[in-house]
Each structure stands twice: as C-alpha cells, then as structure tokens.
Amino acid sequence: MTKQVIVEKIDAFLIDEFEVDKEELAPGANLKDAVGLDSLDFVDLVVAVESNFGVKLVGEDFVNITTLQDFYDLIERKLD
Numbered sequence: 285m286t287k288q289v290i291v292e293k294i295d296a297f298l299i300d301e302f303e304v305d306k307e308e309l310a311p312g313a314n315l316k317d318a319v320g321l322d323s324l325d326f327v328d329l330v331v332a333v334e335s336n337f338g339v340k341l342v343g344e345d346f347v348n349i350t351t352l353q354d355f356y357d358l359i360e361r362k363l364d
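In this note's numbering, the protein residues as written are 285 to 364.
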C-alpha cells in the first residue's frame, strides 16, 4: 500500500467517522487538537485503523504521535 493510499484512507475515515473538516487535515496538524479527538475517540480511532488496515494499535504506539504526519507514518510502519 502506498503512502498516498494510506493518507487518503485515514483522511476519509476521519472525515466520515469523526466529522473532521477536510481543511483541518494538514500533515502538520496536531492530531488531538485539529481533529478534536478526546480519549474515547482514540478508542474509536484504534477500531477504525484495525478495520481499515488490519493492524492493531496499542497505547504505546501513540506516545510520540502528535501530528497527522506522525500518525500516517505510524500506520505505514505497522503495514511494513
């Protein structure tokens, strides 16, 4: 799966499932602030990643994740 496909899939489920405005989805955007995720939303995010990519995420995966780009990179690493 290419990086572009990963980004498109993540952006699509953030827009559809989390009602994020497309304009907020810049790679440098803070994942928590720009996307407006609270702790319960992170659980939903983990479920969305598992259903869309077939990878499991755990709390430690999010330790250094602050931007959308960090999140895109995390999913790309998990898929390798």
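Where a beta carbon is used, it is the ideal one built from N, C-alpha and C, also for glycine.
Source: prediction; values computed, not measured.
Within 9 Å, strictly: CB atoms of residue i and residue j
i: Phe-448; j: Lys-293; result: Nothing about residue 448 can be read from this structure; the chain reaches only from 285 to 364.
i: Glu-360; j: Ile-290; result: yes
i: Val-333; j: Val-339; result: yes
Residue range of the alpha helix (DSSP H) that includes residue i
i: Asn-336; result: 323-337
i: Val-291; result: 287-302
i: Glu-360; result: 352-363
i: Met-319; result: Per the sequence shown, the amino acid found at residue 319 is Val instead of Met. It spans 315-319 - the alpha helix (DSSP H) in which Val-319 sits, taken as one unbroken run.
Check: residue i C-beta below 8 Å from any heavy atom of the ligand PLP
i: Asp-295; result: With respect to the ligand PLP, the structure shown offers nothing to examine, as it has no ligands at all.
Assumed close pair residue i, residue j - CB separation to whole angstroms, cut-off 8 Å
i: Val-319; j: Phe-302; result: 6 Å
i: Leu-309; j: Leu-352; result: 6 Å
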